[in-house]
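Heads up: the structure comes next, in structure tokens.
Residue numbers (the working numbering): 631 to 811.
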């Protein structure tokens, strides 16, 4: 099985793009992934819309996810819940919006930890231009705004943006019936 698959195109991401432009203060409120110099995400930007409820965090990293305040300012749910239905989602985990500026790279890595193993990863491309791509060894996917894809983050992957525009992706973590994950 390929580690990345384009599922469909044409999702209306205009309202999300507008909301992101109207709320630039939401970027980088959480920097746990992007601040450490040894992180593959160092120097990139995030908006955490949903993730761990600190009161539910267990020693092994397992937890229940809750909505974070940015989800009240952005039309996250309007994209997430139709996606959950389309993939027959059984449980919603984290929702992360990432931004890779022109010339930046998310370095090659795998995603360890409970959350990464427990959920399937789906992505909704919010902004993109030719010259940016999501990569695995021997496979690359160049996406357009409104594309939705699935990826297996247990394989080494990286993202490049050689375009002249920001690449903005909403990553949605869903436990699905299809995979039993």
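Heads up, the beta-carbon is just placed ideally off N, CA and C, and yes, glycines get one too.
Taken in chain order, the whole alpha helix (DSSP H) runs of length 4 or more contained in the region 646 to 690 number zero. The C-beta distance from residue 735 to residue 806 rounds to 29 angstroms, too long to meet the 8 angstroms contact threshold. Under the three-state reduction of DSSP output, residue 631 falls in the coil class, being neither helix nor strand. Taking residue 632 as the centre and dropping the five residues before and after it, the same chain places the C-beta of 769 closer than 7 angstroms to its C-beta, in chain order. Residues 634, 635, 636, 637, 752, 753, 755, 764, 771 and 773 of the same chain have their beta carbon placed closer than 8 angstroms to that of residue 779, with the five preceding and five following residues left out of the count. For residue 767, the closest alpha carbon among the candidates 788, 696 and 761 is that of 788. Beta-bridge annotation (DSSP): residue 737 is not paired with any residue. The beta carbon of residue 786 sits closer than 6 angstroms to those of 738 and 740, all from its chain and outside the five residues before and after it, given in chain order. Of all alpha-carbon atoms in 795, 750 and 801, the one lying nearest the alpha-carbon of residue 784 is that of 750.
Under the criterion of beta carbons closer than 8 angstroms, residue 649 and residue 703 qualify as touching, at roughly 7 angstroms. Annotation for residue 710: the continuous alpha helix (DSSP H) segment containing it runs 706 to 716.
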